Structures are given as structure tokens and as C-alpha cells.
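*Asks:* Numbering (my numbering), first residue to last: 122 to 528.
Here a beta-carbon is modelled for each residue, glycine too, at the ideal position from N, C-alpha and C.
All values reported here derive from a predicted model rather than from experimental measurement.
Take this structure first; my questions come after.
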């Protein structure tokens with residue numbers, strides 16, 4: 122008679138985590154060694170070789186120098202490939218393991234982290250953040266990258282701001298104070314009343330979480346997301362191990378941008394990662410790892426309709442019906458579009474010459490991830506998505522991803 126072995130809950134979690142990583146790497150080996158047929162949203166297909174040719178053709182037309190692409194079918198990567206250079210001057214090739222600046226991909230990871238802390242009872246989505254602190258936020262003497270919250274003393278309405286408002290960008294805080302004409306932090310509209318992209322809102326949420334938990338962002342992210350998913354080359358701060366292979370960013374004129382290596386960790390924008398690592402994150406999203414199903418449903422449910430013409434610039438204040446067809450909205454940390462194939466959850470990332478985009482159609486198990494070290498990639502994002510997965514729902518005009526052949 123065989124006696125059944127008993128294992129602890131901790132051992133079970135470790136086994137399942139390792140199994141997830143083994144399956145991921147088996148998939149990657151398969152992706153790299155074959156010419157798989159990629160299934161697209163509308164049921165049509167394209168071979169990996171055909172997609173590669175199409176990508177190279179588009180790169181040439183828009184003068185894109187470095188690009189990394191992953192496509193997901195059946196909730197796993199079926200295509201992962203890099204193109205071009207991580208350093209144009211030295212002609213160093215961009216590889217799967219090359220460190221890339223995630224920019225605002227940081228916010229998508231941070232949203233999952235926040236929802237994990239909600240599940241653990243550390244914080245709730247709708248309790249005003251100020252209520253978690255023993256004294257007003259503006260009385261603390263801490264500074265985040267040489268900035269603080271003292272200016273909020275003049276805006277008592279900040280006390281209404283919740284975690285939900287920070288995640289769906291309705292906090293009323295500006296994107297970044299240094300973009301304001303007076304470079305001051307302020308509450309620009311009634312919290313909860315309107316969508317307006319805000320890195321400052323996520324920063325406010327971050328520092329409150331760090332006060333509540335007594336742990337810095339990097340430790341929380343490593344413990345709850347990066348390590349469980351095997352994202353060994355991802356961090357909210359620069360790591361020495363990134364030095365051996367990292368990409369420089371290039372602006373619209375092809376000018377190299379200085380590589381930032383001394384930023385304090387920010388949930389809104391300091392993520393360093395690789396195409397392999399971020400593909401693990403997208404795989405986890407598709408398979409509903411890390412979070413419970415209820416949390417994913419909340420995160421990817423429309424919280425506020427977006428009626429602005431553009432994401433940024435003067436068009437951000439111009440309302441209309443431009444995106445009514447897809448019911449453009451924002452969830453918690455992710456943009457949301459409606460399609461015949463279920464919702465599409467998207468997240469952009471741009472900064473320091475890097476241009477990133479991802480969209481996940483969880484109901485179909487299909488997603489596409491685009492990472493690049495040059496702004497000119499914005500000129501082909503629309504076509505990459507259409508060719509790769511037949512995504513015609515991404516709000517490319519709202520995001521101002523104007524194709525190279527359009528004005």
C-alpha cells in the first residue's frame with residue numbers, strides 16, 4: 122500500500138510557480154525553433170516567417186532601428202523576436218535578454234501589485250488615501266526624487282483621492298508637476314470626475330503604500346510579482362547586472378538619449394525589463410496568475426469613459442464621440458476598448474527614446490507586446506497590431522500613433 126505524500130501550502134505554491142516557469146521556457150524554445158502559425162483575433166492566420174518579413178518591411182519604411190515583438194496565442198507566447206540594434210553607434214544587436222526601459226509599462230505592473238495588496242487587506246480601493254496616514258501628507262518631510270507633497274496643503278480636495286482614482290487616472294493631479302507652467306503640484310479638477318493621465322496620482326498612492334507596509338516599492342514588487350514570475354531581469358531601479366546588455370533610446374530625430382541609471386523607484390515610470398521578462402508578465406495576465414479572478418475582473422472593468430480626442434496635448438481637453446465605437450475607457454492601471462472578441466486591455470509606455478505598447482484580449486487568449494528603443498516605432502504601431510493579431514481596436518489616433526504614411 123502506497124502512502125500519499127503530504128506537502129505544505131508553501132511547497133505547493135513553489136511547485137506551481139516552478140511549473141509555470143518551466144512551461145514558459147518550453148514555449149520559448151518552441152517559438153525560437155519553429156515557424157508556427159499565428160492565430161489572429163478574426164480567426165485568420167499568419168506564419169511566423171511572414172510576420173517577420175512584414176515587421177522588417179515596416180521598420181524600413183519608418184526607419185525603426187530597434188524592436189522587440191511577442192505575440193500570444195492560447196494564453197502563451199508563440200512568437201518572440203528582436204530586430205535591429207540596442208546601440209546604433211556600435212551596431213550592437215538587440216537581443217531577447219537586452220535590458221529595455223519599460224517607461225509607463227511600470228504602471229501596469231504597479232496596478233497588479235496594488236490589487237495584490239488589496240487582496241491581502243493592506244488597502245482598499247475606495248478609502249481616501251489620506252485616511253491611512255496619521256498626519257496630512259504635506260506634513261511629511263520625505264521627498265520623492267527631490268519633490269514632496271507640501272503644495273497639496275492649498276488643495277483640501279486632495280483628501281478625497283482614493284487608490285481607485287489613482288489607478289484609473291481620475292485623481293485630479295497633473296501628469297507630472299514639471300509639465301505644469303508653474304511646475305507646481307495641484308489638484309486640477311474634482312477627484313473622480315474626469316479622466317486625466319497622472320503619474321503624480323500613482324506616486325501619491327505609492328508613498329502611502331510604502332508608509333502602510335513599511336516596505337519600499339522595489340521590495341514589494343520583487344516579492345509579489347518579479348520573483349514569483351521569474352522576472353529576474355526586471356526592477357524598478359537600475360541594477361548592476363543590467364550593465365552587460367542594455368539598450369539606448371533614440372528620439373524622433375534619431376538622437377541618442379542619455380541612459381538614466383540613478384532614478385528612485387517609481388511605480389509610475391522606472392521599470393527596467395526585457396522582452397522575455399515582460400512576456401512572462403503578459404503570460405501571467407492571460408492566465409490570471411498572481412491575482413484572483415475577481416481582481417482581474419475589477420482591474421479590467423471600465424471605471425470611467427474617456428471622451429477626449431487625444432491622450433495628451435490640447436486634444437486631451439477636447440471632448441467628443443471619436444472613440445464611442447470601442448467605448449474607450451480606463452480600468453485600473455490599464456486602458457480598455459470594446460471589441461467583438463471581448464475587451465482589450467492596453468498599456469503604453471514612452472520615454473527617453475523608448476516606445477512600448479501592449480494589448481491583451483484575455484477572452485481570446487491573444488495578446489501582442491511591442492517594445493522599442495526609438496520613438497519612430499509609434500509610426501508603425503497601428504500596422505504591427507493589424508498584421509500581427511488583426512487588432513483594429515487600439516485607439517491609435519487617441520494615443521497619437523500617427524502612421525508614417527498618414528498626416
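For the ligand MG, is there a heavy atom less than 7 Å away from the beta-carbon of residue 196?
*Replies:* The model on display carries no ligand, and the ligand MG is accordingly not part of it.
*Asks:* Tell me which same chain residues have a C-beta within less than 7 Å of the C-beta of residue 232, skipping the five on either side of it?
*Replies:* As a first step, residue 232 is located in the chain shown; it is residue number 111 there, counting from the start. Same-chain partners within the cutoff: 288, 420, 453, 454, 455.
*Asks:* Checking 8 Å against the spacing of the C-beta atoms, do residue 479 and residue 198 come in under that value?
*Replies:* Residue numbering aside, residue 479 sits at position 358 when the chain shown is read from its first letter. Residue numbering aside, residue 198 sits at position 77 when the chain shown is read from its first letter. Contact: no.
*Asks:* What does a CB cutoff of less than 7 Å around residue 432 pick up in its chain, not counting 5 residues either side in sequence?
*Replies:* Residue 432 sits at position 311 when you count from the first residue of the chain shown. So the list reads 318, 519, 520, 521, once near-sequence residues are dropped.
*Asks:* Mind pulling the alpha helix (DSSP H) runs of 4 or more residues that sit fully within the segment 355–425?
*Replies:* 396–407, 414–420
*Asks:* Hey, out of 334, 155, 164, 208, whose CA is closest to residue 507's CA?
*Replies:* Taking the chain shown and counting its residues from 1, the one referred to as residue 507 is at position 386. Comparing Cα positions, the closest option is 164.
*Asks:* Could you tell me the distance, in whole angstroms, from the CA atom of residue 363 to the CA atom of residue 392?
*Replies:* What you label residue 363 is simply residue 242 of the chain shown in a count that begins at 1. What you label residue 392 is simply residue 271 of the chain shown in a count that begins at 1. Approximately 12 Å between the Cα atoms of the pair.
*Asks:* Where does residue 159 sit, in a helix, a strand or coil, going by DSSP?
*Replies:* Position 38 of the chain shown, counting from 1, holds the residue named residue 159. Strand.
*Asks:* What span of residues does the beta strand (DSSP E) with residue 491 cover, start to end?
*Replies:* Stepping through the chain shown from its first residue, residue 491 is reached at position 370. Here the beta strand (DSSP E) through residue 491 covers 487–493.
*Asks:* Could you give the C-beta distance for residue 339 and residue 358, rounded to a whole number, given that I count them as a contact under 8 Å?
*Replies:* Against the chain shown, residue 339 aligns to sequence position 218. Against the chain shown, residue 358 aligns to sequence position 237. Confirmed, about 5 Å.
*Asks:* Does the segment 488–501 come close enough to the segment 182–193 to have 3 or more Cβ pairs within less than 8 Å?
*Replies:* yes
*Asks:* When the Cα of residue 379 is compared with those of 388, 367, 386, which residue comes out closest?
*Replies:* In the chain shown, counting from the first residue as 1, residue 379 sits at position 258. Looking at the Cα atoms, 367 is the closest of the given residues.
*Asks:* Using only the alpha-carbon positions, how far apart do residue 360 and residue 324 sit?
*Replies:* Translated into the one-based positions of the chain shown, residue 360 becomes position 239. Translated into the one-based positions of the chain shown, residue 324 becomes position 203. In a straight line, the C-alpha of residue 360 is about 21 Å away from that of residue 324.
*Asks:* Less than 8 Å between the C-beta atoms of residue 108 and residue 290, yes or no?
*Replies:* Residue coverage of the chain in this structure runs from 122 to 528, which leaves residue 108 outside it and unanswerable.
*Asks:* Out of 282, 512, 470, 475, which one is the CA nearest neighbour of residue 488?
*Replies:* As a working mapping, residue 488 is identified with position 367 in the chain shown. Of the candidates 282, 512, 470, 475, the one whose C-alpha sits nearest the C-alpha of residue 488 is 512.
*Asks:* Between which two residues does the beta strand (DSSP E) containing residue 201 stretch?
*Replies:* Taking the chain shown and counting its residues from 1, the one referred to as residue 201 is at position 80. First-last of the beta strand (DSSP E) with residue 201: 197–208.
*Asks:* Quick one: using the 10 Å Cβ neighbour count with 16 as the cut-off for buried, is residue 429 buried or exposed?
*Replies:* In the chain shown, counting from the first residue as 1, residue 429 sits at position 308. Buried, by the Cβ-count rule.
*Asks:* Do you know how far the Cα of residue 320 is from the Cα of residue 175?
*Replies:* Reading the chain shown from its first residue, position 54 is the one you call residue 175. Reading the chain shown from its first residue, position 199 is the one you call residue 320. The straight-line gap from Cα to Cα measures roughly 35 Å.
*Asks:* Would you mind sorting residue 224 into buried or exposed? The rule is 16 or more other CB atoms within 10 Å of its CB.
*Replies:* Within the chain shown, numbered from 1, the residue matching residue 224 stands at position 103. So residue 224 ends up on the buried side.
*Asks:* Comparing alpha-carbon positions, which option in 242, 329, 322 lies nearest residue 255?
*Replies:* Within the chain shown, numbered from 1, the residue matching residue 255 stands at position 134. Distance check between residue 255 and each of 242, 329, 322 places 329 closest, using alpha-carbon atoms only.
*Asks:* Consult DSSP for residue 510 and reduce its assignment to one of helix, strand or coil.
*Replies:* Residue 510 sits at position 389 when you count from the first residue of the chain shown. Helix, per DSSP.
*Asks:* When DSSP labels each residue in this structure, what does residue 322 get in the three-state scheme?
*Replies:* As a working note, residue 322 is residue 201 in the chain shown. Note: residue 322 maps to helix in three-state DSSP.
*Asks:* Short of 8 Å in beta carbon distance, which residues of its chain neighbour residue 218, apart from the five on each side in sequence? Order them along the chain.
*Replies:* Taking the chain shown and counting its residues from 1, one reaches residue 218 at position 97. Closer than 8 Å at the Cβ level, and outside the excluded window around residue 218, lie 354, 366, 395, 397.
*Asks:* Let me confirm a value: residue 299 is counted as buried when at least 16 other C-beta atoms fall within 10 Å, else exposed. Which label applies?
*Replies:* Position 178 of the chain shown, counting from 1, holds the residue named residue 299. That one is exposed.
*Asks:* Do you know how far the Cα of residue 427 is from the Cα of residue 245?
*Replies:* Here residue 245 corresponds to residue number 124 of the chain shown, with the count starting at 1. Here residue 427 corresponds to residue number 306 of the chain shown, with the count starting at 1. In a straight line, the C-alpha of residue 245 is about 24 Å away from that of residue 427.
*Asks:* Excluding the five sequence neighbours on either side, which residues of its own chain have a C-beta within less than 6 Å of the C-beta of residue 447, listed in chain order?
*Replies:* Taking the chain shown and counting its residues from 1, the one referred to as residue 447 is at position 326. 458, 459, 514, listed in sequence order.
*Asks:* Pick from 296, 404, 373: whose alpha carbon is nearest that of residue 349?
*Replies:* In the chain shown, the residue the question calls residue 349 occupies position 228. Closest by alpha carbon: 404.
*Asks:* Pull up the distance between the alpha-carbon of residue 210 and that of residue 161, whole angstroms please.
*Replies:* Here residue 210 refers to the residue found at position 89 of the chain shown. Here residue 161 refers to the residue found at position 40 of the chain shown. So the two alpha carbons sit approximately 36 Å from each other.
*Asks:* Give the C-beta separation of residue 227 and residue 390 to the nearest angstrom, bearing in mind that I take them to be a contact with Cβ-Cβ under 8 Å.
*Replies:* Position 106 of the chain shown, counted from the first residue, corresponds to residue 227. Position 269 of the chain shown, counted from the first residue, corresponds to residue 390. That pair is a contact at about 5 Å.
*Asks:* Distance check for residue 252 and residue 258, CA to CA, integer angstroms please.
*Replies:* Stepping through the chain shown from its first residue, residue 258 is reached at position 137. Stepping through the chain shown from its first residue, residue 252 is reached at position 131. Taking the straight line from one Cα to the other gives about 10 Å.
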